[in-house]
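474 is the number that this note's numbering gives to position 69 of the sequence shown; each next residue is one higher, with no gaps. Ideal Cβ positions, reconstructed from N, Cα and C, are used throughout, including at glycine. This report refers to the structure that appears directly beneath it.
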Amino acid sequence: MPNGGRVPILRQIAYREQHEKEFERSLEYIQIQCRILKYSDKHDTEITPRQAYKWTANTVPRTQRPQPVQALRLCYYIRSLGFDTYADIKPSQDPETGIDDTALRLFVANPASEKRGLGHDHLYWYQRLRTGEVISKPYQLRRSERPRLRLDTGSDINTDTIN
Numbered sequence: 406m407p408n409g410g411r412v413p414i415l416r417q418i419a420y421r422e423q424h425e426k427e428f429e430r431s432l433e434y435i436q437i438q439c440r441i442l443k444y445s446d447k448h449d450t451e452i453t454p455r456q457a458y459k460w461t462a463n464t465v466p467r468t469q470r471p472q473p474v475q476a477l478r479l480c481y482y483i484r485s486l487g488f489d490t491y492a493d494i495k496p497s498q499d500p501e502t503g504i505d506d507t508a509l510r511l512f513v514a515n516p517a518s519e520k521r522g523l524g525h526d527h528l529y530w531y532q533r534l535r536t537g538e539v540i541s542k543p544y545q546l547r548r549s550e551r552p553r554l555r556l557d558t559g560s561d562i563n564t565d566t567i568n
């Protein structure tokens, strides 16, 4: 649990990466885990969506993007330390092509809300499972600014499908 005894709003989980034999942690991933541990020792505050996004994005070399499973694992690693992060898989299809467009959404829970999900909690990671595309800095997204977002690939997407 983070310093100061802050009581998490989400149920505590036990997460043990060492039991995941197929998961090889990169040097970058391990460095981020160390940063998170140092952060949890020094801060008696909740993490921000911006901080969670930066940690997730930096689990791989700068020229790469994390695989969805890496982002998910880090989310639950952070959660196992007592921070209020969680994942949601949003199944959908591209309305024009009919192609599966399911996305991994990672959130920092809002302590002021008893409801969970987009519109209640703070989205910090949005990644399409089929392509691995990541929306850059989704924590900056406001409902009033929804017309289009840039993916890290440089292409535009309609954010109306992010709900």
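Who are the near neighbours of A419 in its chain, counting only those whose CB is closer than 7 Å to its CB and skipping five residues on each side?
Numbered from its first residue, the sequence shown carries residue 419 at position 14. Correct list, in chain order: S485.
Who are the near neighbours of E451 in its chain, counting only those whose CB is closer than 8 Å to its CB and skipping five residues on each side?
To locate residue 451, count along the sequence shown from 1; it is residue 46. Taken in chain order, the residues that qualify are R411, F488, D489, V513 and P516.
Once DSSP output is grouped into helix, strand and coil, what is the label at Y420?
As a position in the sequence shown, residue 420 is number 15, starting the count at 1. Y420: coil per DSSP, three-state reduction.
Using DSSP bridges, identify the partner residues of R510.
Within the sequence shown, the letter at position 105 stands for residue 510. Its beta-bridge partners are D493 and Y531.
In the DSSP output, which residue or residues are listed as bridge partners for Q436?
Here the question's residue 436 lines up with position 31 in the sequence shown. Its beta-bridge partners do not exist; DSSP assigns none.
Could you please give me the residues that DSSP links to Q498 through a beta bridge?
Residue 498 sits at position 93 when you count from the first residue of the sequence shown. In DSSP, Q498 forms a bridge with D505.
When DSSP labels each residue in this structure, what does I414 get in the three-state scheme?
Position 9 of the sequence shown, counting from 1, holds the residue named residue 414. Three-state result, I414: coil.
Note the first and the last residue of the continuous alpha helix (DSSP H) segment covering P454.
Position 49 of the sequence shown, counting from 1, holds the residue named residue 454. Looking at the DSSP string, the run of the alpha helix (DSSP H) that includes P454 is P454 to A462.
Take every Cβ of the segment 451-471, pair it with every Cβ of the segment 492-503, and state whether three or more of those distances are shorter than 8 Å.
Flag = no, the segment 451-471 and the segment 492-503 do not touch.
Measure the alpha-carbon distance for I504 versus Y482 and round it to whole angstroms.
Position 99 of the sequence shown holds residue 504. Position 77 of the sequence shown holds residue 482. Whole-angstrom Cα-Cα distance: 31 Å.
In this structure, does DSSP put L442 in helix, strand or coil?
For the purposes of this step, residue 442 is taken as the residue at position 37 of the sequence shown. Looking at L442 - three-state DSSP - the assignment turns out to be helix.
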